[in-house]
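Reading through the structure tokens given below for one structure.
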Amino acid sequence: MQQTNLIISEMDFVRLMAIQPPPDLRAELERAIVIPDDSMKTDIVTMGSRVRYTEHETGNSREIEIVFPEEAEAAAGKVSVFAPVGAALIGLGVGQEIEWDFPGGSTRRLTVVEVIQPEKQAGH
């Protein structure tokens, strides 16, 4: 598995570590590059961003929103960062790919195609 440099904002890092992420996500966060929120590029998958990705094994493309566990709602495309696909994609940039272990023993290779950031609140 290739090492991919994950980039995460300080705010996302602090909030995610505070809610005790699963071991695989914690390991990814601990090796991530943490940068100030106002320095985040818009093509990086962050909490609350919508991400379109492809799965190499099936060729399927999907768009989801990465959310905190309590906000997850599969029918609305809101996937928890604790879910395998959410944990795999957080911190990746457009064009980056990652191999990630999924339940049932399968490993999938995902590539980020597009990242859409949430609208910033006025005065933020």
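The opening residue of the sequence shown carries number -14 in our numbering; numbering runs sequentially from there.
Ideal Cβ positions, reconstructed from N, Cα and C, are used throughout, including at glycine.
Keep in mind that this is a model prediction, so the values were computed, not measured.
Contact holds between the stretch 3 to 16 and the stretch 56 to 76, because three or more Cβ pairs, one in each stretch, are under 8 Å apart. In the three-state DSSP reduction, S24 falls in the helix class (H, G or I). Take the alpha-carbon of E104 and the one of E50: they are about 13 Å apart. When the beta-carbon positions are compared, G76 and I(-8) come within less than 8 Å of each other.
Annotation: the continuous beta strand (DSSP E) that includes E40 extends over R35 to E40. Cβ contact annotation for V66 (same chain, cutoff 8 Å, sequence separation greater than five): L1, P6, L10, M32, I51, V52, F53, P54, A72 and I75, in chain order.
Distance from R35 to E48 at the Cβ level is roughly 6 Å; contact confirmed, criterion being Cβ atoms closer than 8 Å. Per DSSP, the beta-bridge partners of T92 are D86.
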